[in-house]
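A short write-up of the structure that comes next.
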Amino acid sequence: MIIAALIFVISLSLLLQFFVSYCRSVIGPNCNERVSEQVWEIAGGNNRKLRSDEFNRFVQLVRLCPSRGQDESDIRVVSLYYRLLNSARLVARFISPAFARWTESEREKCSHFAAVVLDRRINYSRELLIHQAPDAV
Amino acid sequence: MLGPLDYLLWFAGPIAMLVGLVCLIARHQLLKYLAIASYLFTASLATFGQYLVIHHYGLTSHQYFYYYYYSESLFTILLFFVVIQFYQELFVEMKAATYIRRGAVCLLAATAGFSYLVVHANRDHLTSRFVVELGQNLYFLGVVLTYLLWFSILKLHESRTRLVQLVLALGVYFSATAAAYALRNLFPSLQGPVLHWIPPLASVWLPIAWAFTFLKIPDEARLVTGRLLARAR
Numbered sequence: 001m002i003i004a005a006l007i008f009v010i011s012l013s014l015l016l017q018f019f020v021s022y023c024r025s026v027i028g029p030n031c032n033e034r035v036s037e038q039v040w041e042i043a044g045g046n047n048r049k050l051r052s053d054e055f056n057r058f059v060q061l062v063r064l065c066p067s068r069g070q071d072e073s074d075i076r077v078v079s080l081y082y083r084l085l086n087s088a089r090l091v092a093r094f095i096s097p098a099f100a101r102w103t104e105s106e107r108e109k110c111s112h113f114a115a116v117v118l119d120r121r122i123n124y125s126r127e128l129l130i131h132q133a134p135d136a137v
Numbered sequence: 138m139l140g141p142l143d144y145l146l147w148f149a150g151p152i153a154m155l156v157g158l159v160c161l162i163a164r165h166q167l168l169k170y171l172a173i174a175s176y177l178f179t180a181s182l183a184t185f186g187q188y189l190v191i192h193h194y195g196l197t198s199h200q201y202f203y204y205y206y207y208s209e210s211l212f213t214i215l216l217f218f219v220v221i222q223f224y225q226e227l228f229v230e231m232k233a234a235t236y237i238r239r240g241a242v243c244l245l246a247a248t249a250g251f252s253y254l255v256v257h258a259n260r261d262h263l264t265s266r267f268v269v270e271l272g273q274n275l276y277f278l279g280v281v282l283t284y285l286l287w288f289s290i291l292k293l294h295e296s297r298t299r300l301v302q303l304v305l306a307l308g309v310y311f312s313a314t315a316a317a318y319a320l321r322n323l324f325p326s327l328q329g330p331v332l333h334w335i336p337p338l339a340s341v342w343l344p345i346a347w348a349f350t351f352l353k354i355p356d357e358a359r360l361v362t363g364r365l366l367a368r369a370r
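Residue numbers (the working numbering), protein chains in the order written: chain X, 1 to 137; chain A, 138 to 370.
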């Protein structure tokens, strides 16, 4: 009984660590990419800083754009991570301010990831448009 | 009685494994990741075998029970070979392959022995308990080995994105399944409504995560592993 309880606690905590690290490895390469003017316009902010609660809005816009089919799995993984962070945020303020700040910064990274994906999709839509109707552009 | 979702998950697992195998072949990585290919191929065949066993003997039969748990144990052992391959890839410059293999075999034998000793005290329901106990301990050993591998990756500042993602996906699989097995040992009544979904979901997750890593992450891609750690500031 004690062994099973110990295995459960250790496995659950390592599951969280592996999953968070996996999500960060997916988001990581996009963190250094700059968000273009067109996405800033969509974001509507003038201080060039993405808000942490903009993730869902960007993902909705991403869904409206045609896809090359390369980033669907990444979006699903990061969406799951974002939902996990939302749940963690609810308890974070009762645990520690540092943990609350961390969840907020992670949510911002998720928003940045979604903005970068949106940027790529918009560019792809333009390419498609140029390819299919060169005179229309 | 199996529902439509059970069938969906059941078939999604081997299909995802075959997709993973195709991705390995398409990226010309079959020989490099032979252990992964062996696991994907064997696990997909064995899952189709489950269907045949249920068809012949029924879902609640002893035959299916033992087939399921012993094939799970076999998959875990195959996954240990995958972990060993990751260790060898990580420590390739140190030429530590022989030591890694010996260490892994000793650990495996020790886990089987430990599981036997734990259940030896409960001889009255030895065999049925043994397979669940063995499954839990094998998966937990997988968690420990993968965590040590992950720790080594961080310490050695390993930057190969592909290796990092393959290891982390395996870590998620092992830890989710080990937690489900342990919870089942603690609360057997949770098996029906909740816990029986976790192993098949994890079996779909692993090949899909690997397949996308092979498809999307080029061999030369690099990242800073220090940034992957979750640190509150």
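Cβ coordinates follow ideal geometry from the N, Cα and C atoms, glycine included.
CB contact check: residue i to chain A, cutoff 8 Å
i	result
X:Ile2	no
X:Ser111	no
X:Phe94	no
X:Ile7	yes
X:Gly44	no
X:Ser11	yes
X:Gln60	no
X:Ser73	yes
Alpha-carbon spacing of residue i relative to residue j, whole angstroms
i	j	result
X:Ser52	X:Leu118	16 Å
X:Gln17	A:Val309	9 Å
A:Thr179	X:Ser105	42 Å
A:Gly240	A:Val301	22 Å
X:Glu37	X:Leu61	16 Å
X:Gly69	A:Leu196	38 Å
A:Trp287	A:Glu295	10 Å
A:Ala174	A:Glu270	27 Å
X:Leu24	A:Ile345	Per the sequence shown, the amino acid found at residue 24 of chain X is Arg instead of Leu. Answer to the nearest angstrom: the Cα atoms are 18 Å apart.
X:Ser79	A:Leu254	44 Å
Terminal residues of the alpha helix (DSSP H) in which residue i lies
i	result
A:Ile162	Pro141 to Ala163
A:Trp334	Counting along the chain, A:Trp334 falls outside any alpha helix (DSSP H), and DSSP gives it neither H nor E.
A:Ala319	Thr298 to Leu323
A:Ser208	His199 to Leu227
X:Ala88	Glu72 to Ile95
A:Gly186	Leu171 to Tyr194
Exposed unless 16 or more other CB atoms sit within 10 angstroms - verdict on residue i
i	result
A:Ser181	buried
X:Ser96	exposed
X:Asp71	buried
X:Ile130	exposed
X:Arg126	exposed
A:Arg299	buried
A:Pro325	exposed
Option in the options with minimal Cα separation from residue i
i	options	result
X:Val59	X:Tyr124, X:Leu50 and X:Ser111	X:Ser111
X:Leu12	A:Ser208, A:Tyr276, A:Ala249 and A:His193	A:Tyr276
X:Phe55	X:Leu90, X:Pro66 and X:Tyr81	X:Tyr81
A:Tyr224	A:Arg321, A:Leu245 and A:Tyr236	A:Tyr236
X:Glu33	X:Arg101, X:Ala114, X:Ala133 and X:Ala98	X:Ala114
Cβ of residue i within 8 Å of any chain X Cβ
i	result
A:Thr248	no
A:Ser174	It is worth fixing the name first, because residue 174 of chain A is Ala in this sequence and not Ser. Taking Cβ atoms only, chain X never reaches closer than 8 Å to A:Ala174, which makes this a no.
A:Ser210	no
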